[in-house]
Amino acid sequence: MKTICLAVLLIACGGDSTNNGVDAPGNGSGSGSGSGSGSGSLDCASYCTKITANCTGANNQYGSMATCVASCAHFPVGAISDLSGNTLGCRLYHAGAAAADPGTHCIHAGPSGGTVCGQPCDGFCSLATAECATQYPSAGTCATQCANYATTPLYSAAVTSGNSLSCRIYHATAASTDPTTHCPHTGSNGGGVCQ
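In numbering that gives the first Met the number 0, the protein residues as written are 0 to 194.
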């Protein structure tokens, strides 16, 4: 009887609220549902709620909640235990970690991946090939062109002009809700904005 009670107690206490609602790697859950606050589900609503709340001002990663949700649909899902790689799982983890350290984690949680949740061209091409097929008809075309874009300044949603990858990433996120306006700005000639 003591063994059964202990097992029930361990199951009931299995969640850890210290990791911002995202299951820690190696705890055996990996089911896609978070613990703690219950907001760690591996879905775009959870991700966008966290990144919007935790990444503000200079650390802002999306122009709006709608842009975040629409962009998020194009990231490979991955696993809730991901701490690196171009996945939603990785971005969700870093969006939660940004509550304590936005300067470090917001860029990792954002569309560029900040070299932790993928290389910036990985995040950009996930968005651009899905939304802007005229400019980027294939992942290979996108990767080749992206390698030629300036990697400074670092990405934030404040970089909306200038000849850089960051400008193109911003417009790729905006293209998720308005492709007609923003896809031309993602292309190699920058559409008069990212040039």
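Ideal Cβ placement from N, Cα and C applies to all residues, glycine included.
For the candidate residues the options, whose alpha-carbon lies nearest to that of residue i?
| i | options | result |
| --- | --- | --- |
| A138 | A149, L126, Y148, N147 | L126 |
| C148 | A157, F123, T55 | Cys is not the amino acid found at residue 148; the sequence shown has Tyr there. Comparing Cα-Cα distances from Y148 to each of A157, F123, T55, the minimum goes to F123. |
| A99 | Q194, N162, K49, A157 | K49 |
| V68 | G191, H181, C182, S175 | S175 |
| P75 | D177, V158, D42 | D42 |
| H93 | A72, G117, H73 | G117 |
| G95 | S187, G161, S45 | S45 |
| A72 | N58, G88, S80 | G88 |
Return helix, strand or coil for residue i, following the three-state DSSP convention.
| i | result |
| --- | --- |
| P110 | coil |
| I50 | helix |
| S88 | The sequence shown places Gly at residue 88, rather than the Ser named in the question. Reduced to three states, the DSSP call for G88 is helix. |
Please report the straight-line C-alpha distance between residue i and residue j, rounded to a whole angstrom.
| i | j | result |
| --- | --- | --- |
| G189 | C145 | 12 Å |
| D121 | G112 | 8 Å |
| H184 | H170 | 6 Å |
| A52 | P101 | 10 Å |
| P152 | S40 | 32 Å |
| T143 | T150 | 14 Å |
| T180 | P119 | 22 Å |
| T114 | Y154 | 11 Å |
| C192 | T159 | Looking at the sequence shown, residue 192 is not Cys but Val. C-alpha separation (whole angstroms): 8 Å. |
| C54 | Y61 | 9 Å |
Under 8 Å: do the segment 79–90 and the segment 133–140 share three or more Cβ pairs, one atom per stretch? no
Residue ranges of each alpha helix (DSSP H) within the segment 93–175, 4 or longer: 101–108, 119–130, 138–145, 164–174
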